[in-house]
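Quick note: the sequence shown uses full-length UniProt numbering, first residue 1, plus one each step.
C-beta atoms are modelled at their ideal positions from N, C-alpha and C, and glycine is treated no differently.
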Amino acid sequence: MVGFNHGRIGAPPEQVQAMLMDWHQLLRQNDVNFEVRDFMNVNSRSGDVLYCDPPYAVGKDRYYSGNIDFDEMFTWLERQRGEWFLSLNGFVGEEDRRISVPPHLFDEEIQLDAGLRPFQAADTSRVTNSLYVGSP
C-alpha cells in the first residue's frame, strides 16, 4: 500500500497541527466558503476566488485521471466574474504534458514543483504542475 506521501517523508505531526490551526483561524476570520460541485453549476461574482482542479490527463488506471471537456471548461472560465486558479498537467522531466489552454484566458502560467514521479521509484524525473491564474 502506498501512503499519502507516496513513500516520501511527510511533515512532523506537530508541524501539520500548527499549520492546520493557522488555517482554521484564517478561515474563521474571513468569509470563506468551500464548495465541491460540477463547475458548470458555479457562477462567480466579483470578489470571488475560484480554485479549479479538474482531473489530470493521464493514462487509464492512473492517479487522478478522468474525463472532462476542457473546451467546455474554458468557455465557462470566460464567463466567470471572479478571479480563478486552474491546476493542470505540467512537465515530467523534459516531457511537456500541458493541456493547450487558450492564451487569452489567463494572465499568468506558473510551473509548480511537484517533486519526483510518485509511482515510479526508479524514475527520478521531476514533475511540475501548471497553475494558470486568470481574472475577468
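Contact set for residue i: own chain, Cβ-Cβ below 7 Å, skip 5 residues either direction
i          : result
residue 96 : none
residue 93 : 125 and 126
residue 76 : 39 and 40
In DSSP terms, what residue i is bridged to
i           : result
residue 113 : 128
residue 50  : 84
residue 42  : Its beta-bridge partners do not exist; DSSP assigns none.
residue 74  : DSSP output for residue 74 lists no bridge partner at all.
residue 91  : 96
Proximity below 7 Å, CB of residue i to CB of residue j
i           : j           : result
residue 105 : residue 129 : no
residue 142 : residue 87  : A query on residue 142 cannot be resolved here, the shown segment of the chain reaching from 1 to 136 and no further.
Cβ shell of residue i (< 6 Å), same chain only, five flanking positions each side left out
i          : result
residue 47 : none
Closest residue to residue i among the options (Cα-Cα distance)
i           : options       : result
residue 114 : 11, 16 and 90 : 90
Cβ shell of residue i (< 8 Å), same chain only, five flanking positions each side left out
i           : result
residue 102 : 74
Residue i beta carbon near the ligand FMN (any heavy atom closer than 6 Å)
i          : result
residue 42 : What this structure holds is no ligand at all, so the ligand FMN is not there to describe.
> For the segment 33-52 against the segment 81-89, are there 3 or more C-beta pairs whose distance is under 8 Å?
Replying inline: yes
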